[in-house]
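What follows is one structure encoded as structure tokens, with my remarks underneath.
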Amino acid sequence: MKKLSLITAILFTTQLLVAQCFPDRHNTNWHDGWVSCETTDNPNAERGPSHWILYNFGQPYILEQMHVWNVNDPDNLDRGLNEVVIDYSMDGVTWTELGTFNFEQATGQPVYEGFSGPDFDEAQAQYVLITAVNNFGGQCFGLSEVRFGVAGPVVATEEPEVKDNWCLNVLTYPNPFVERTNIEITNNCDEEVYFSVKNALGATILPEQKIDNSSPIALNFEKLQLPAGIYFLAVRRGVVVESYKLIRMKD
């Protein structure tokens with residue numbers, strides 16, 4: 034059974050939020066983005082102390098082309114990243130270099146729409162690391178926004194794990210799913226068994242409930258209106274807890 038470790042020691046993470054009249058345009062506020070004025074140790078030791086930004090997607094994805102918005106504040110265009118090195122990783126420890134690239138300087142105009150960045154060519158990664166080599170002459174380094182195209186999450190197909198004297202039968206189908214999945218738990222244990230559902234951050238989606246002995250149950254996610262993402266079904270028997278990953282895909 035695989036376990037999920039949440040990585041919290043990250044310099045910067047991003048979500049794609051549409052909050053402008055024109056979603057592909059970037060405003061000119063200096064504080065809407067990432068700024069680094071001092072070098073720090075790079076997650077990729079080969080890069081040494083540097084200005085860098087790390088993206089953690091929470092799970093591996095099949096990556097396609099980036100779209101980049103450089104610093105668009107008219108008074109700080111020189112902070113924008115110029116030459117960069119991009120690395121990607123599945124575990125945040127072992128890195129693969131995508132290459133060295135030159136980013137375009139922003140225009141400083143409210144209608145700035147960024148530029149098409151490097152293509153990952155369907156590389157699989159959970160982490161992307163952008164390390165600045167130089168900028169356009171500013172004392173600090175900055176970046177407004179990066180959007181990553183994805184073909185979908187990386188889904189591992191595994192054989193069911195067989196446990197000695199494990200008296201529960203847990204089925205989830207379909208998984209991954211788009212609108213709903215069925216969860217059936219059959220309890221043949223002598224002890225009471227409970228189940229709950231949590232999201233990837235550990236927040237409870239369905240509180241713990243008791244399973245009637247030897248009675249199969251089914252949970253329908255369609256009515257819960259949960260967003261796309263990773264969820265975990267936790268099945269507890271006494272102090273023994275088993276987790277099962279559930280993946281809801283976007284429509």
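In terms of the numbering used here, the sequence shown opens at residue 34 and continues consecutively.
In this text, a Cβ means the ideal position worked out from N, Cα and C, and glycines have one as well.
Remember, it's a predicted structure, so these values are computed and weren't measured experimentally.
For this session: Express the C-alpha separation of VAL203 and LEU257 in angstroms, rounding to a whole number.
Result: 20 Å
For this session: Would you mind working out which of PHE169, GLN142, VAL144 sits nearest ASN135, comparing C-alpha positions?
Result: The shortest C-alpha separation from ASN135 is found at PHE169.
Problem set entry | Within 8 Å, strictly: CB atoms of TRP236 and GLY262 | A small correction: the amino acid at residue 236 is Ala; Trp does not occupy that position in the sequence shown. Cβ atoms of ALA236 and GLY262: not closer than 8 Å.
Exercise. Are the C-beta atoms of PHE148 and some chain B residue less than 8 Å apart?
Worked result: No chain B appears in the structure shown, which is made up of a single protein chain.
For this session: Could you name the residues that DSSP lists as bridge partners for ASP120?
Result: GLU130, LEU162
Exercise. Out of GLY271, VAL272, LEU114, ARG281, which has the shortest C-alpha to C-alpha gap to TYR264?
Worked result: Ranking GLY271, VAL272, LEU114, ARG281 by Cα distance to TYR264 puts ARG281 first.
Exercise. If you draw a straight line from the alpha carbon of TYR160 to that of VAL104, how long is it in whole angstroms?
Worked result: 22 Å
Problem set entry | Boundaries of the beta strand (DSSP E) in which ARG270 is found, first to last residue | 262-270
For this session: Give me the Cα-Cα distance between ASN167 and ASP106, rounded to the nearest whole angstrom.
Result: 18 Å
Exercise. Where does LEU257 sit, in a helix, a strand or coil, going by DSSP?
Worked result: helix
Problem set entry | Residues that GLN172 bridges to, as DSSP identifies them | In DSSP, GLN172 forms no bridge with anything.
For this session: Go through its chain and collect everything with a Cβ distance to GLU241's Cβ below 6 Å, but skip five positions before and after it.
Result: TYR227, SER229
For this session: Please confirm whether ILE163 and VAL211 have their CB atoms less than 8 Å apart.
Result: no
For this session: For LEU110, name the three-state secondary structure that DSSP assigns.
Result: The answer is helix: DSSP assigns LEU110 an H, G or I state.
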